[in-house]
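Using the working numbering, you'd call the opening residue of the sequence shown number 381 and step up by one each time.
Okay, so here's the structure we're looking at.
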Amino acid sequence: MTYDTIINGGRWFDGTGSASAIRNLGITAGVVVEVSSGPLEPGPGTEVVDAHGQWVMPGMVDIHTHYDIEVLDGPGLSESVRHGVTTIMIGSCSLSTVHLDAVDAGDIFGRVEAIPRQHVIDAVTEHQTWSSAAQYVDALERLPLGPNLAAFIGHSDMRAATMGLDRATRPDEKPTGAEQSRMESMLSEALDAGFLGMSSQQLLFDKLDGEVCRSRTLPSTYAKARELRRLNSILRQRARVLQSGPDITHPQSLLSQALSSLGVGRPQLKTSLLSAADIKAIPAVIHGMGPLARAINKLGGDFRWQHLPVPFEVYADGIDLVIFEEFGSGAAALHLADAVARDELLRDEDYRRRFRKDYEAKWGPRVWHRDLFDAEIVECPDASIVGKSFGAVGQERGGVHPVDAFLDLVLEHGTAIRWRTTISNHRPELLKKIAVEPGVQLGFSDAGAHLRNMAFYNMGLRFLRHAHDAELAGKPFMTMEHAVHRLTGELADWYSVDAGHLRVGDRADLVILDPAHLDSDLDDYHESPVEQFGGLSRMVNRNDACVSRVLISGRTVVEAGEPTALLGAERTGSFLRVGQKVAPRVPVEAAGAAAL
């Protein structure tokens, strides 16, 4: 047999959780055709890759991203691919661009996902040639996709396109019978086109951008139970997935969504819910999430929590951070797009009184711990306060309340003051316990969104480091085979897409990594401009020594941690339709040679 590529001597993981072994892999026309303990004979044109001392594993699957906009102008999605991700799911949190026009897409994506609104509008205006889910898939497949894509259709997308964004975000409005039927047709058409299912949202601190509907919550949050039941019924009948986020201010909504996964005289509803997190603000809640998932699934449901398997560290420029949306005074500041008007509000003593009251109200469901002593300043024109917390600065200024110290500094420096805090997943031992819960999926990277606030593009590598360090310390909490499976085949199988495995006959989407560099460099903070968003500086991780090579469809798209010229220039990835085997994207001459 003639091979295009041979990968020699690596520790091979197949993505199923089976035992790993030192093997040689032969790849022809984008497919793994040989996995051998013996040597493979190269041909005259074979590329031979030395993987001794390294791991060879399936490319990772990222189940929760907001790359819907970025993929249009940057289809290589290099920031994820360079960290070993070869399959990416879009359309999360009720947001997609299948039916929305450009302005509505800007209003829905801009503030919620902290993507510059005008760039959303420009990207959709330039690229939107579609008016249906099938046409949307065709448009994606005409792009030089780097990774493989799979998609949810967003409920907010369908609702706004059907009712109009204004009516779709009014509590006294509900869809007419014809509008309900149209949304159901949209969903059915998307499932026919191979979509994973539907994403919805009940979380109430995701707010709209723009002018007409500014600061209203997402359209999906206004849906009544009957509207959602009818859409969910289609998902049940088609065995597709509902991805959703509960209203954390009403814990009963969380329980209701979990219980809806049960069949009880009807098909079960595959449900992926946000999110299993060890929240600093409510430290006890994490202990009930695993038992709840196990109970639901034991009773016949198919329920999973999504979980970010690393500390949830966020950064902010001034007051621009989504966590402030969860209480009234914070949302009031973010409502004001005009900097002068916002500064005037921040100076107002009545406003500050409300902010202090919100800050002190630390009981009840919430995400942010509301502790400005746990908020480190990392950049500021006043170098004397860098490395200090807002609370400490207040003490140094004569015992000023932390809220007033924070607002004073924002007024002094605007977005030039940059700070960080960790809001959840801060206890390593609890992260180990969550990682082995069968009702938990590893994901929730939010890649492609909150570009100035968070960087979890390499969360898979950081999780592997956590498992590897425990193994080296003689205190493993899972095998490395299980850890790889959780990031690859387990996810692909649950969502029914052709990815996450590296066996004979599988598409050669794989990553070669050096376990010696699963180290602290994975946490290093860097920034990199995003050309398609006007040069906006994105938070990124740079750990080039860890990822030796990434192949998609058997073609090298990352080498020595750096994207190759191929990534985003030629199409290597495909749109993955539910339940369908997908052929690799290979050059015509390679496909012809393989056929001979």
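Here a beta-carbon is modelled for each residue, glycine too, at the ideal position from N, C-alpha and C.
Neighbourhood of residue i by C-beta distance below 6 Å, restricted to the same chain and skipping five residues each side
i: Phe735; result: Ser709, Val783
i: Glu939; result: Arg929
i: Phe692; result: Ile803, Ser804, Asn805
i: Ser580; result: Ser474, His535, Ser600, Ser624
i: Phe824; result: His444, Ser655, Gln686, Leu688
Proximity of residue i and residue j at Cβ, strictly below 8 Å
i: Arg684; j: Val820; result: yes
i: Ile803; j: Ile703; result: yes
i: Tyr638; j: Leu653; result: Note on residue identity: the sequence assigns Ala, not Tyr, to residue 638. Cβ atoms of Ala638 and Leu653: closer than 8 Å.
i: Trp435; j: Arg391; result: yes
i: Trp799; j: Val864; result: no
i: Glu706; j: Trp743; result: no
i: Glu861; j: Ala431; result: no
i: Val962; j: Met834; result: no
i: Ala888; j: Ser933; result: yes
i: Ala656; j: Ile814; result: yes
i: Val441; j: Ala721; result: no
i: Gly771; j: Leu752; result: yes
i: Val773; j: Leu726; result: no
i: Phe843; j: Leu882; result: no
i: Val413; j: Val884; result: yes
i: Leu641; j: Gly698; result: Strictly speaking, residue 641 in this sequence is Ser, with Leu absent from that position. No.
i: Asp490; j: Phe532; result: The sequence given here has Gly at residue 490, not Asp. Their beta carbons are not under 8 Å apart, which means Gly490 does not touch Phe532 by this criterion.
i: Met437; j: Leu890; result: yes
i: Tyr325; j: Ala530; result: Residue 325 lies beyond the stretch modelled for the chain, which goes from 381 to 976, so this question has no answer here.
Residue i - DSSP class collapsed to helix/strand/coil
i: Asn612; result: helix
i: Met566; result: helix
i: Leu714; result: helix
i: Glu591; result: coil
i: Arg887; result: strand
i: Met834; result: coil
i: Met987; result: Look at the range of the chain in this structure, 381 to 976, and you will see that residue 987 is not part of it.
i: Thr385; result: strand
i: Ile495; result: coil
i: Ser764; result: helix
i: Thr505; result: helix
i: Ala657; result: coil
i: Thr556; result: coil
i: Leu811; result: helix
i: Lys742; result: coil
i: Thr936; result: strand
i: Arg522; result: coil
i: Gly670; result: helix
i: Glu776; result: helix
i: Leu688; result: coil
i: Lys650; result: strand
i: Leu916; result: strand
i: Ile797; result: coil
i: Arg957; result: coil
i: His906; result: strand
i: Leu947; result: strand
i: Ile407; result: strand
i: Ala975; result: Here the model assigns Ala975 a pLDDT of 45, short of 50, so the residue's position is not dependable, and the following value carries that caveat. Three-state result, Ala975: helix.
i: Phe585; result: coil
i: Tyr731; result: helix
Contacting residues, own chain, Cβ-Cβ under 7 Å from residue i (five flanking each side not counted)
i: Pro551; result: Tyr602
i: Ala975; result: Its pLDDT being 45, under 50, Ala975 is placed unreliably by the model, and nothing is read from it.
i: Gly1049; result: Residue 1049 lies beyond the stretch modelled for the chain, which goes from 381 to 976, so this question has no answer here.
i: Met669; result: Ala656, Trp685
i: Ala548; result: Arg539, Ala540, Pro599, Tyr602
i: Arg609; result: none
8 Å Cβ cutoff, residue i in contact with chain D
i: Tyr695; result: Within the model displayed, chain D is absent; a lone protein chain is all it includes.
Whole-Å CB distance - residue i paired with residue j, under 8 Å assumed
i: Leu946; j: Val937; result: 6 Å
i: Leu611; j: Glu564; result: 6 Å
i: Ser764; j: Glu756; result: With a Cβ gap of about 14 Å, Ser764 and Glu756 do not count as contacting.
i: Pro527; j: Ser460; result: 7 Å
i: Cys926; j: Asp886; result: Their Cβ separation, rounded to whole angstroms, is 23 Å, which puts Cys926 and Asp886 out of contact at 8 Å.
i: Val517; j: Gly574; result: 7 Å
Close beta carbons around residue i, own chain, < 8 Å, minus the five adjacent residues each side
i: Ala401; result: Arg391, Trp392, Ser417
ask   = Do the stretch 447-464 and the stretch 472-481 meet, that is, are 3 or more Cβ pairs less than 8 Å apart?
value = By the C-beta criterion, the stretch 447-464 is judged to be in contact with the stretch 472-481, since at least 3 inter-stretch pairs fall below 8 Å.
query = Between the stretch 575-593 and the stretch 482-494, do three or more beta carbon pairs fall short of 8 Å?
reply = Counting Cβ pairs under 8 Å, three or more are found: they touch.
request  = Would you check if there are 3 or more beta carbon pairs closer than 8 Å linking the stretch 817-836 to the stretch 774-781?
outcome  = As far as the Cβ criterion goes, the stretch 817-836 does not touch the stretch 774-781, which means the pair count is below three.
key: Segment contact flag, the stretch 834-841 with the stretch 915-934, C-beta cutoff 8 Å, min 3 pairs   = At 8 Å Cβ cutoff, the stretches touch.
inquiry  = Quick test of the definition: if touching needs 3 or more C-beta pairs under 8 Å, does the stretch 540-547 touch the stretch 492-505?
reply    = Short answer: they don't touch.
task = Decide if the stretch 845-852 is in contact with the stretch 462-472; the criterion is three or more beta carbon pairs, one per stretch, under 8 Å apart.
result = With the cut-off at 8 Å, the stretch 845-852 and the stretch 462-472 do not touch.
ask   = For the stretch 726-740 against the stretch 607-618, are there 3 or more C-beta pairs whose distance is under 8 Å?
value = The stretch 726-740 and the stretch 607-618 do not touch, with fewer than 3 CB-CB distances between them shorter than 8 Å.
inquiry  = Under 8 Å: do the stretch 401-415 and the stretch 382-389 share three or more Cβ pairs, one atom per stretch?
reply    = Flag = yes, the stretch 401-415 and the stretch 382-389 touch.
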